[in-house]
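Chemist: The following block contains the structure, expressed as structure tokens.
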Amino acid sequence: MNNQIKPKPNLGSEDLDSQSFTKEEAELRKLGQTVQLSKAEKQAIKDRVLSTPLASAEGVKKITWQSSFASAFWSRKALFMAACVVILLGSIPVTHAVQDSRPGDLLFNLELHLIEPIEEVFHFSEESKIEFAIERVEERLEELQDLPDGNLTAKQSNDTWENIDEHIDVILEAHDNLEQEEEIDNLIVVSGLLGAYDQELEYNTAEIDNLIIEVDTQLTEGVEDYVSGQSEAELTGEIEEYIEEAQLLIGEQSDSNALLIQETLADIEEELEDGDVDELFEEIVDVYIDALTYEYSLD
């Protein structure tokens, strides 16, 4: 048996030998091959390499993960914004057709579940969101008013009222971020709007009655809280403003409903000199809602 020890293969030596080197590179290569390190020197180099902290590795991984996440986030956001632009600008005829649709129409679901959510994205402030919600409630109620009873399936009716309820919820839930006076004004508008269509709609009365109760309950609580924090002079001034605005809503109308509202306004104005302003404020809010309901019903 031949016990001669075979030399270890020189991996890649053929490739290295086949490469051409400059004179300086060849001399450095030859010099490197003659360097002989002792065992202690080799161990010292190994210890230095292994003891070098890898703090930057975690940082690189973290930055890479964050960069990837941010890139994905902004890519999705850009894609969504691009879709909005395409829908709102690039397809204007289709958008108008969808917005002109009515409950029961083929395109109506697109309006509820695609166009409106996209439009809502562009309303950033609480005031803008509430204004958008009130406009959508009025639009839905007008659409229902234009339809004769029995024209909708149960699902179509439920989808429409669910949409109204969602917009009412936006208005009711916004009170935490609004001044009390702003909250009361918004609830008065919604209450008057619901009251007007409650008189006009010949069906779905249970749905709209439930919404009226929900809105009026929060309005009553808001008015009570507001009154407790105002001085008599402040309440008196606001009552006078409500009287003036209510008279403008009634205008020169002379039917029985208008005359009744005008008579009540005159009574409140007379009692304002020596009456309980807290009770008068609550009363003027109710009368103002009646005037607003009356004005809506004229349209």
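Per my numbering, the very first residue in the sequence shown carries number -12; after that it's consecutive. Glycine included, every Cβ here is placed at the ideal spot set by N, Cα and C. For clarity, every value in this text was computed on a predicted model and none was experimentally measured.
Any chance the segment 237 to 249 sits against the segment 177 to 197, with 3 or more Cβ pairs inside 8 Å?
Modeler: Result no; under three Cβ-Cβ pairs closer than 8 Å.
Chemist: For GLY262, which of helix, strand or coil comes out of DSSP?
Modeler: Coil.
Chemist: Ignore the nearest five residues each way along the sequence and tell me which others in SER5's own chain have a CB closer than 6 Å to its CB.
Modeler: With a pLDDT of only 44 at SER5, under the threshold of 50, the placement of this residue in the model should not be trusted, and no figure is reported.
Chemist: Comparing alpha-carbon positions, which option in VAL202, ILE121, HIS110 and GLU269 lies nearest GLU225?
Modeler: Per the Cα distances, GLU269.
Chemist: Assuming ILE200 is part of the alpha helix (DSSP H), what are its boundary residues?
Modeler: Per DSSP, ILE200 belongs to the alpha helix (DSSP H) from 192 to 215.
Chemist: Measure how close the beta-carbons of ILE117 and ALA161 come, nearest whole angstrom, since I'm counting them as under 8 Å.
Modeler: With a Cβ gap of about 5 Å, ILE117 and ALA161 count as contacting.
Chemist: Run the CB neighbour count on HIS100, radius 10 Å, all protein chains shown included, and call it buried at 16 or more, exposed below.
Modeler: With fewer than 16 other Cβ atoms within 10 Å, it is exposed.
Chemist: Would you please state the rounded distance, in angstroms, between the beta carbons of GLU219 and VAL264? I believe it to be under 8 Å.
Modeler: That pair is a contact at about 5 Å.
Chemist: At a Cβ threshold of 7 Å, is GLU113 touching chain D?
Modeler: Although the question refers to chain D, the structure presented lacks it and comprises just one protein chain.
Chemist: Okay, do the segment 166 to 178 and the segment 271 to 278 touch, 3+ Cβ pairs below 8 Å being the bar?
Modeler: Cβ pair count under 8 Å is three or more, so yes.
Chemist: Under a Cβ-count criterion, where at least 16 other Cβ atoms within 10 Å of its own Cβ denotes burial, should THR140 be classed as buried or exposed?
Modeler: So THR140 ends up on the exposed side.
Chemist: Whole angstroms is fine: what's the gap from LEU159's alpha carbon to ALA183's?
Modeler: The straight-line gap from Cα to Cα measures roughly 19 Å.
Chemist: Output the residue ranges of the alpha helix (DSSP H) runs that lie fully inside the segment 119 to 191 and measure 4 residues or longer, sorted by chain position.
Modeler: Listed in chain order, the complete alpha helix (DSSP H) runs (minimum 4 residues) inside the segment 119 to 191 are 141 to 160 and 167 to 187.
Chemist: What's the call for GLY77, buried or exposed, on a 16-neighbour Cβ count within 10 Å?
Modeler: For GLY77, the pLDDT reaches just 47, beneath the cut-off of 50, and the residue's location in the model is therefore unreliable, leaving the point undetermined.
Chemist: Classify GLY179: buried if its beta carbon has 16 or more other beta carbons within 10 angstroms, exposed otherwise.
Modeler: Result: buried.
Chemist: Quick one: grab the DSSP three-state call for HIS100.
Modeler: Of the three classes helix, strand and coil, the one that applies to HIS100 here is helix, per DSSP.
Chemist: With a Cβ-Cβ cutoff of 7 Å, do ARG123 and THR147 count as a contact?
Modeler: Against a cut-off of 7 Å, the Cβ pair of THR147 and ARG123 comes out as no contact.
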